[in-house]
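Presented below is the structure to which this report refers.
Number of protein chains: 2
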Amino acid sequence: MSDHELRVSKIRNGTVIDHVTGGQALNVLAILGIDGSSGEEVSVGMNVPSDRLGRKDIVKVEGRELSQDEVDVLSLIAPDATINIVSDYEVVDKRRLDRPEFVEGVLSCPNRNCITTDDEPVDSKFEVLNDEVRCVYCETIIRDRLPDHIDT
Amino acid sequence: MSDHELRVSKIRNGTVIDHVTGGQALNVLAILGIDGSSGEEVSVGMNVPSDRLGRKDIVKVEGRELSQDEVDVLSLIAPDATINIVSDYEVVDKRRLDRPEFVEGVLSCPNRNCITTDDEPVDSKFEVLNDEVRCVYCETIIRDRLPDHIDT
Chain X
1 MSDHELRVSK IRNGTVIDHV TGGQALNVLA ILGIDGSSGE EVSVGMNVPS DRLGRKDIVK
61 VEGRELSQDE VDVLSLIAPD ATINIVSDYE VVDKRRLDRP EFVEGVLSCP NRNCITTDDE
121 PVDSKFEVLN DEVRCVYCET IIRDRLPDHI DT
Chain B
153 MSDHELRVSK IRNGTVIDHV TGGQALNVLA ILGIDGSSGE EVSVGMNVPS DRLGRKDIVK
213 VEGRELSQDE VDVLSLIAPD ATINIVSDYE VVDKRRLDRP EFVEGVLSCP NRNCITTDDE
273 PVDSKFEVLN DEVRCVYCET IIRDRLPDHI DT
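Residue numbers (my numbering), protein chains in the order written: chain X, 1 to 152; chain B, 153 to 304.
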């Protein structure tokens, strides 16, 4: 693929998150805590035509190597994502997405009375089940529209 | 500038919002009502090095021409932005940002008792003053951190 055809250009050093489910790029940024305010160089392509997925999103983060923990949380909203670590324009490592057992501090509990949604200094923590996640504090289950509960 | 140096590639038809204040791209998307779910092809570059601004953001929206009203609202968070309408890879029109007199349905009033923040079907409406905006219903003034009040 020529540079002209690339939706977002190559990065020198950092992480390329490709084959993200179409329309989920902003949720990927939210999970990674990226809103632009800290000056990170980030490129995003949303709903790019893809042979494999029909439509896909791409997120490229310059100068930051995602940890395995961060990558695993992404599996909740973008199970087909591929993660490449890039150094000097070359792919030097690939991360495999493993579905985590628990997710901490990323989702907010929809139960208003949950201790994690009050003013207490308690981070949210959910157990990841097959098709749902369950709050370990109040046992509220989130089944549908998981991205709506990402803590932005 | 070669294609290789472009952070996000050229679009065929649509709108290019360039010279956005660094870190404001996600707020631009929020103002335009773009979250990826409607399938719009969008490219975003955040905190790209810029001679003129130090750091800037770029947003390219494929297949959509922004109206003058939409453009004017952007002036609240990105006063230096330039707007180019693109057709078949060529710039065919430029929009000038005019600071609007009123902003409707974009910001949410921080006053919890305001009629626009209750369950009533009343859209928010703010009058744009010099360095602040004022709710036309409850007269609450937002002075600082305007982006925090963008309705996402």
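Ideal Cβ positions, reconstructed from N, Cα and C, are used throughout, including at glycine.
Computed from a predicted structure; not experimentally measured.
7 Å Cβ shell around residue i - same chain, five flanking residues per side excluded
i	result
Cys114(X)	Cys135, Tyr137, Cys138 and Thr140
Tyr333(B)	Residue 333(B) falls outside the range modelled here, since chain B spans only 153 to 304, and no answer is possible.
Ser108(X)	Thr117, Ser124, His149 and Asp151
Neighbourhood of residue i by C-beta distance below 8 Å, restricted to the same chain and skipping five residues each side
i	result
Ile34(X)	Glu40, Val42 and Val61
Beta-carbon spacing of residue i, residue j below 8 Å
i	j	result
Gln24(X)	Asp57(X)	yes
Ser75(X)	Leu97(X)	yes
Glu279(B)	Ile294(B)	no
Endpoints, the alpha helix (DSSP H) within which residue i is located
i	result
Glu70(X)	Gln68 to Leu74
Asn27(X)	Ala25 to Leu32
Short CB-CB distance (under 8 Å) between residue i and chain X
i	result
Val255(B)	no
Gln220(B)	no
Asn199(B)	yes
Leu298(B)	no
Asp209(B)	yes
Ser239(B)	no
Ser202(B)	no
Contact with chain B by residue i, beta-carbon distance below 8 Å
i	result
Ser108(X)	no
Ser37(X)	yes
Val136(X)	no
Glu139(X)	no
Glu40(X)	yes
Neighbourhood of residue i by C-beta distance below 6 Å, restricted to the same chain and skipping five residues each side
i	result
Asn236(B)	Val168, Val243 and Lys246
Ile229(B)	Gln176, Asn179 and Pro299
Thr82(X)	Asp18 and His19
Ser87(X)	Asn13
Val211(B)	Ile169, Ala177, Val180 and Val196
Per DSSP, cross-strand counterpart(s) of residue i
i	result
Leu107(X)	Ile150(X)
Thr234(B)	Asp170(B)
Val128(X)	Val133(X)
Val61(X)	Thr15(X) and Val42(X)
Glu90(X)	Ser87(X)
Arg55(X)	Pro49(X)
Arg247(B)	Ile235(B)
Val122(X)	DSSP lists no partner for Val122(X).
Ile115(X)	Answer is none; Ile115(X) lacks a bridge partner.
First through last residue of the beta strand (DSSP E) which encompasses residue i
i	result
Asp194(B)	The residue asked about is misnamed: residue 194(B) is Val in this sequence, not Asp. Where Val194(B) is concerned, the enclosing beta strand (DSSP E) stretches over Val194 to Ser202.
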